[in-house]
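There are 2 protein chains.
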Amino acid sequence: MTESIQISPIGYVHSARKTPEDDFWNAVPTEIELDASRFSPDSLAGLTDFSHIEVIFYMNHVESEAIQMGARHPRNRKDWPLVGIFAQRGKNRPNRLGTTVCRILSVEGLRIRVEGLDAIQGTPVLDIKPWVDEFAPQGPTRQPEWMTELMKNYWK
Amino acid sequence: MTESIQISPIGYVHSARKTPEDDFWNAVPTEIELDASRFSPDSLAGLTDFSHIEVIFYMNHVESEAIQMGARHPRNRKDWPLVGIFAQRGKNRPNRLGTTVCRILSVEGLRIRVEGLDAIQGTPVLDIKPWVDEFAPQGPTRQPEWMTELMKNYWK
Chain A
202 MTESIQISPI GYVHSARKTP EDDFWNAVPT EIELDASRFS PDSLAGLTDF SHIEVIFYMN
262 HVESEAIQMG ARHPRNRKDW PLVGIFAQRG KNRPNRLGTT VCRILSVEGL RIRVEGLDAI
322 QGTPVLDIKP WVDEFAPQGP TRQPEWMTEL MKNYWK
Chain B
202 MTESIQISPI GYVHSARKTP EDDFWNAVPT EIELDASRFS PDSLAGLTDF SHIEVIFYMN
262 HVESEAIQMG ARHPRNRKDW PLVGIFAQRG KNRPNRLGTT VCRILSVEGL RIRVEGLDAI
322 QGTPVLDIKP WVDEFAPQGP TRQPEWMTEL MKNYWK
């Protein structure tokens with residue numbers, strides 16, 4: 202029997218993008234607003250001493266039937282290899298979790314304006330952590346060519 | 202009324218560290234094992250083409266009463282500023298979520314041996330994503346001095 206964990210959104214995404222799209226995320230104006238019934242601006246005190254935050258969010262628009270457990274071609278591109286769902290960052294994944302590092306533009310009350318958040322309007326936010334350089338990958342990094350190609354227009 | 206989201210672990214952490222400690226995480230032998238009732242090695246196909254993974258985990262040892270919603274001194278150090286729970290990475294946070302980038306040592310069947318995972322024995326794993334350089338912070342990063350000091354022995 203699989204254990205079940207209860208999570209509550211700490212806030213929601215306001216985004217000019219209403220439906221999922223693959224690319225061009227940097228151009229989309231995006232804001233996170235904390236749940237005012239549970240949080241006060243205290244929860245964000247000192248956040249502007251950091252340049253970036255890491256956001257964990259719940260991709261609630263992904264349908265159960267779409268979730269992949271095994272291997273698939275990223276973006277259904279048959280010319281790219283068949284790789285496991287945990288060897289790609291596609292949205293149709295178990296638990297529907299997303300995590301992205303984005304740049305803080307401003308913090309006002311319970312609202313954080315950001316650049317580079319690949320989450321659409323209404324997305325529940327589960328956690329916000331400050332980006333800390335020591336949490337970057339240790340040692341040299343390596344990724345396959347298909348991933349570099351996939352990312353070409355992602356942030357434009 | 203706050204929305205509730207159901208999440209199921211995709212696997213668990215095996216670690217030589219049985220109780221939470223602040224520092225010296227790199228030296229701790231750590232492995233992730235996927236839930237064999239739901240996943241096959243297909244889910245990890247192609248993962249070794251990447252050097253690092255990002256792991257989202259649930260810090261289930263954190264007691265409800267310990268969770269901080271507002272501001273606190275990181276590690277209770279009164280000489281460090283009072284900062285919001287979302288401006289620090291301490292474990293006593295709403296939703297108890299952790300996320301860390303760690304180096305892949307090997308992948309065998311449903312097991313991933315890693316270096317640099319700050320999660321203790323039995324921690325439920327909620328997602329694994331490959332680290333992709335394009336998901337690093339865009340533009341220059343900035344963090345306060347107390348955080349740099351806090352991280353001094355974290356990975357040793």
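Order-wise, the sequence lines are chains A and B. Each number in my numbering comes from the position in the first sequence (counting from 1) with 201 added on. Each number in my numbering comes from the position in the second sequence (counting from 1) with 201 added on. Think of the CB as a built atom: it goes at the ideal place given N, C-alpha and C, for glycine as much as any other residue. Computed from a prediction, not measured in an experiment: that's the story for all the values here.
Legend entry - Element boundaries [alpha helix (DSSP H), containing T349 of chain B]: Stepping through the second sequence from its first residue, residue 349 of chain B is reached at position 148. First-last of the alpha helix (DSSP H) with T349 of chain B: 346-351.
Inset, instruction - Count the other CB atoms, across all protein chains shown, that sit within 10 Å of the CB of T247 of chain B; report buried if there are 16 or more and exposed otherwise. - result: Locating residue 247 of chain B in the second sequence gives position 46, counting from the first residue. The question names Thr, but residue 247 of chain B is Gly in the sequence shown. By the 10 Å Cβ count, G247 of chain B comes out buried.
Legend entry - Residues bridged to T231 of chain B [DSSP beta-bridge criterion]: As a first step, residue 231 of chain B must be located in the second sequence, where it is residue number 30. The partner list for T231 of chain B (beta bridge, DSSP) reads B:S216, B:V315.
Inset, instruction - At 8 angstroms on the CB atoms, spell out the chain A contacts of K279 of chain B, in chain order. - result: Position 78 of the second sequence, counted from the first residue, corresponds to residue 279 of chain B. Result: empty, since nearest Cβ-Cβ is about 15 angstroms, beyond 8 angstroms.
Legend entry - Any C-beta of chain A under 8 angstroms from that of P230 of chain B: In the second sequence, residue 230 of chain B corresponds to position 29, counting from 1. Cβ-Cβ to chain A under 8 angstroms: no for P230 of chain B.
Legend entry - Residues, ordered as in the chain, of the region 236-254 of chain B that lie near chain A by beta-carbon distance below 9 angstroms: Result list: D236, S238, R239, F240, S241, P242, D243, S244, L245, A246, G247, L248, T249, D250, F251, S252, H253, I254.
Inset, instruction - Would you tell me roughly how many angstroms separate the C-alpha atoms of L283 of chain B and W226 of chain A, rounded to the nearest one? - result: Looking up residue 283 of chain B in the second sequence gives position 82. Looking up residue 226 of chain A in the first sequence gives position 25. Going by the C-alpha atoms only, they are around 33 angstroms apart.
Legend entry - Closest by C-alpha distance to L298 of chain A, when choosing among A:I321, A:D250, A:F258, A:E266: Indexing the first sequence from 1 puts residue 298 of chain A at position 97. Here the closest residue by C-alpha is A:F258.
Inset, instruction - Pull out every residue of the region 268-294 of chain A whose Cβ sits closer than 8 angstroms to any Cβ of chain B, in chain order. - result: M270, G271, A272, P282, L283, V284, G285, I286, F287, A288, Q289, R290, R294
Inset, instruction - Give the single residue among A:W281, A:R304, A:K330, A:D319 whose Cα lies nearest to the Cα of L351 of chain A. - result: Position 150 of the first sequence, counting from 1, holds the residue named residue 351 of chain A. Ranking the options by Cα distance to L351 of chain A, first place goes to A:W281.
Inset, instruction - Compute every distance between the C-beta of G285 of chain A and the non-hydrogen atoms of the ligand ZN, then say whether any falls below 7 angstroms. - result: In the structure on display, the ligand ZN does not appear, and there are no ligands present to speak of.
Legend entry - chain A contact for P221 of chain B (CB, 8 angstroms cutoff): Counting from one through the second sequence, the residue named residue 221 of chain B turns up at place 20. Among the residues facing chain A, P221 of chain B is not included, as its CB has no counterpart in that chain under 8 angstroms away.
Inset, instruction - Taking C-beta pairs closer than 7 angstroms, name the residues in chain B that L327 of chain A reaches, listed in chain order. - result: One-based indexing of the first sequence puts residue 327 of chain A at position 126. Those are N296, L298, listed as they occur along chain B.
Legend entry - Span of the beta strand (DSSP E), counted from its first residue to its last, around T300 of chain A: Sequence index remark: in the first sequence, residue 300 of chain A carries index 99 (1-based). Unbroken beta strand (DSSP E) run through T300 of chain A: 298-309.
Legend entry - Any chain B beta carbon closer than 8 angstroms to Q322 of chain A: On the first sequence, position 121 is the one that residue 322 of chain A refers to. The Cβ of Q322 of chain A sits no closer than 8 angstroms to any Cβ of chain B.
Inset, instruction - Measure the CB-CB distance between G340 of chain A and S241 of chain B and report whether it falls below 8 angstroms. - result: The residue given as residue 340 of chain A occupies position 139 in the first sequence. The residue given as residue 241 of chain B occupies position 40 in the second sequence. Against a cut-off of 8 angstroms, the Cβ pair of S241 of chain B and G340 of chain A comes out as no contact.
Inset, instruction - Spell out whether any CB of chain B is found under 8 angstroms from the CB atom of F336 of chain A. - result: The sequence position of residue 336 of chain A within the first sequence is 135, counting from 1. Yes, F336 of chain A counts as interfacial toward chain B.
Legend entry - Extent of the continuous beta strand (DSSP E) to which L327 of chain A belongs: Position 126 of the first sequence, counting from 1, holds the residue named residue 327 of chain A. Its beta strand (DSSP E) spans residues 325-331.
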